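Engineer: Please see the structure below; I have some questions.
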Amino acid sequence: MNTDVLIVGGGPVGLLLACELKLAGVDPLVLEADTGQQRITRSLGMRSLNARTLHTLGLRGLVEPLAEAQWALFDEIRAGREPVEGDIVDGLVYMLKQGFSGGHFSGLPLIGDTGNRVPEMLMLKQHQLERVLAEHAAGLGVEVRSGCRVAEIADEGDGVVATLADGRVVRAGYLVGCDGGRSLVRKQSGIPFTGTSATMTGRTAVAQLADPGALTSSLRAPGGLVNLSLVPGEVATIEFDGGPAERDAPITAEEMQASIRRASGTDAVVLSLEAGIRYSDNTRHAETYRKGRILLAGDAAHVHSPIGGQGLNLGLQDAANLGWKLALVVRGQAPERLLDTYTAERHPVAARVLRNTRAQVALMRPGPQVDALREVLSEALELPETRKHFIAMANGTDIDYAPDAPRSLVGRFVPDWEIEGAGWVRESLGDGRGLLLDLAGAPETRAAAKGRDDRVRVLAGAVDQADAAAVLVRPDGYVAWAGAAEADLADALDAWFGVG
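Those letters in the sequence shown? Residues 612 to 1111, per our numbering, in order.
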């Protein structure tokens, strides 16, 4: 078998990457080791899609089906709960429908009213996200093969060879490991994965309690954290015990009961357990996201505590950053050095997430000193500028890929501008091409993009808020260049989209 790009791992990151490649005219092949039945435990617990991820997915028209999946989930949750006045589910639904955003920082709420026309946060199960992305991939003609475990990879200089567990061989121009924190791709490529070891053990399970009403959620339980999920039957604990001795052995009802009792200080009884997972705050970061023709994305490149819900969002944005760049290189329209910008841009973003998730774990530890620290931080979060800073950090909306650029637009996600007579800018990126906004009606702007129609679309119109005559937007929604229609526009087009 031969393909342009082999993607090892068919979770959300691998699926989105495959879609981005296919949209850009490259043939990816996705190999997923697990079957549908084996992937059930991935959907334990709720997943949140933050503001920047929704902006990114919105470029491809994926927010609406995801929102529908969210509301279907909440209808299901309500059907499984006894109606209660002031129910937390009703409060959360209200906030989501009103467009509130923010999430939390170590359990401290970060709520802001964005006033935007699109959702800024969604909550759903991972299998719902995977279903929407799989349907998107199928619509584009992406080939996804389940039950295909990769046993060995090799970079041969002019291509990559992957040997499957059943002996079959796949050859590709490039290979991307989206195969999780214990990535075979990363290990066999020899990319260092350094960081800090686990200090906590988290458990999430679908369990039947003898007296569900006797147990309540608590961030500050005597022995750690106890959380009763919005989903009926789901319960989670976190204990600061140095990390799990065994990650993969099945969780028993007895183990979950003992963990609940230690964390909560109650005599809870677990009658039965349907499914369960363990996790930790093991925090590690790949030294580079690319070695030759092998690249990493998602958890294969970075792992950290799930507190704060940033890991899935981080991986999806890796995929959006890499997809269009890798496609241009595979098609021979851009030099390989374009791939160097992937690590250069995404590595600092992940490093910042690793830092703030370590801080969130520290803020969850039991004890009066941490109690006092949380009180002080809560007071600070009442200050509008502090709250704004934390919301931006938790949602990735402060990402700046070009902090030293002379214009503040460059390196930032394109504003949700409405172009006079041409619609919304972000909705104009749906075909996966870049976008050159001619905001001053300058013939030289359109002339600069000549020969790149397959990579860059020109859109003319006026925007009151733009402090530039022209703006070049990358396929992932980030501004590559802004200014007047001068020679440096041609240089920017060459750098990001290849010679015309």
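No residue lacks a Cβ here, since even glycine has one placed at the ideal position from N, Cα and C. As the structure is a computational prediction, the values presented were derived from the model and not from experiment.
Let me make sure I understand the geometry here. Which of Thr-805, Leu-775 and Leu-703 has the alpha-carbon closest to that of Ile-618?
Structural biologist: The count along the sequence shown starts at 1 and reaches residue 618 at position 7. When each option's Cα is compared against that of Ile-618, the closest is Leu-775.
Engineer: In whole angstroms, give me the CA-to-CA distance for Gly-620 and Met-612.
Structural biologist: Within the sequence shown, numbered from 1, the residue matching residue 620 stands at position 9. Within the sequence shown, numbered from 1, the residue matching residue 612 stands at position 1. Their backbone Cα atoms lie some 17 Å apart in a straight line.
Engineer: Check Leu-826 in the structure and name its three-state DSSP category.
Structural biologist: Stepping through the sequence shown from its first residue, residue 826 is reached at position 215. In this structure, Leu-826 counts as coil in the three-state DSSP scheme.
Engineer: Assign Val-1112 to one of three DSSP states: helix, strand, or coil.
Structural biologist: No answer is possible for residue 1112: the residues shown for the chain start at 612 and end at 1111.
Engineer: Just reading off the beta strand (DSSP E) that Ala-847 is part of, what are its end residues?
Structural biologist: For the purposes of this step, residue 847 is identified with residue 236 of the sequence shown, where counting begins at 1. Where Ala-847 is concerned, the enclosing beta strand (DSSP E) stretches over 845-850.
Engineer: Can you find the residues in the same chain that come closer than 8 Å, C-beta to C-beta, to Ala-809, ignoring five residues on each side of it along the sequence?
Structural biologist: On the sequence shown, residue 809 is found 198 positions in, with the first residue counted as 1. Excluding positions up to five away in sequence, the list reads Gly-853, Gly-854, Pro-855, Ser-891, Asp-892 and Asn-893.
Engineer: So Thr-664 is in the alpha helix (DSSP H); what residue range does that whole segment cover?
Structural biologist: In the sequence shown, residue 664 corresponds to position 53, counting from 1. 662-669 is the extent of the alpha helix (DSSP H) around Thr-664.
Engineer: Pick helix, strand or coil for Trp-1028, following the three-state DSSP scheme.
Structural biologist: In the sequence shown, residue 1028 corresponds to position 417, counting from 1. Residue state, collapsed to three classes: coil.
Engineer: Kindly indicate which residue of Arg-797, Pro-823 and His-913 has the alpha-carbon position closest to the one of Ala-762.
Structural biologist: Position 151 of the sequence shown holds residue 762. Cα-wise, what sits closest to Ala-762 is Arg-797.
Engineer: Can you check DSSP and say which residues form a bridge with Ile-737?
Structural biologist: As a working note, residue 737 is residue 126 in the sequence shown. Reading off the sequence, residue 737 comes out as Gln, not Ile. For Gln-737, which the question treats as bridged, DSSP gives no partner whatsoever.
Engineer: Closest by CA to Gly-1043, which one among Val-704, Thr-954, Arg-1068 and Glu-898?
Structural biologist: Mapped onto the sequence shown, residue 1043 falls at position 432. Answer by Cα proximity: Arg-1068.
Engineer: Quick one, are the C-beta atoms of Leu-1048 and Val-1082 less than 8 Å apart?
Structural biologist: To locate residue 1048, count along the sequence shown from 1; it is residue 437. To locate residue 1082, count along the sequence shown from 1; it is residue 471. Closer than 8 Å, so yes.
Engineer: So, are the CB atoms of Ala-783 and Val-616 less than 8 Å apart?
Structural biologist: Against the sequence shown, residue 783 aligns to sequence position 172. Against the sequence shown, residue 616 aligns to sequence position 5. Yes. Within cutoff.
Engineer: Does the segment 942-959 come close enough to the segment 990-1008 to have 3 or more Cβ pairs within less than 8 Å?
Structural biologist: No contact exists between the segment 942-959 and the segment 990-1008.
Engineer: Since Ile-802 contacts Glu-898 with CB under 8 Å, what's their CB separation in whole angstroms?
Structural biologist: The sequence position of residue 802 within the sequence shown is 191, counting from 1. The sequence position of residue 898 within the sequence shown is 287, counting from 1. With a Cβ gap of about 6 Å, Ile-802 and Glu-898 count as contacting.
Engineer: Three-state secondary structure (DSSP) at Leu-1020?
Structural biologist: Residue mapping note: residue 1020 aligns to position 409 of the sequence shown, counting from 1. Three-state DSSP puts Leu-1020 in coil, outside helix and strand.
Engineer: Does the Cβ of Pro-833 have 16 or more other Cβ atoms within 10 Å, making it buried, or fewer, making it exposed?
Structural biologist: Position 222 of the sequence shown, counted from the first residue, corresponds to residue 833. So Pro-833 counts as exposed.
Engineer: Pick helix, strand or coil for Arg-1057, following the three-state DSSP scheme.
Structural biologist: Residue mapping note: residue 1057 aligns to position 446 of the sequence shown, counting from 1. In the structure shown, Arg-1057 sits in a helix (DSSP, three-state: H, G or I).
Engineer: Less than 7 Å between the CB of Gly-768 and some heavy atom of the ligand SAH, yes or no?
Structural biologist: Ligands are entirely absent from the displayed structure, and the ligand SAH is therefore not among its contents.
Engineer: From the DSSP output, which residues share a beta bridge with Leu-626?
Structural biologist: Position 15 of the sequence shown, counted from the start, is the residue given in the question as residue 626. In the DSSP output, where bridge partners are listed per residue, Leu-626 has none listed.
Engineer: Under the three-state reduction of DSSP, which class applies to Gln-928: helix, strand or coil?
Structural biologist: Start at 1 with the first residue of the sequence shown, and residue 928 comes out as number 317. Of the three classes helix, strand and coil, the one that applies to Gln-928 here is helix, per DSSP.
Engineer: Considering just the uninterrupted stretch of the beta strand (DSSP E) at Tyr-785, what are its terminal residues?
Structural biologist: Locating residue 785 in the sequence shown gives position 174, counting from the first residue. Taken as a continuous stretch (DSSP letters only), the beta strand (DSSP E) holding Tyr-785 covers 780-788.
Engineer: Please report the Cβ distance between Gly-1045 and Pro-1086, rounded to the nearest whole angstrom; I am assuming they are in contact, meaning their Cβ atoms lie under 8 Å.
Structural biologist: As a first step, residue 1045 is located in the sequence shown; it is residue number 434 there, counting from the start. As a first step, residue 1086 is located in the sequence shown; it is residue number 475 there, counting from the start. With 8 Å as the limit, Gly-1045 and Pro-1086 qualify as a contact, their Cβ atoms being about 5 Å apart.
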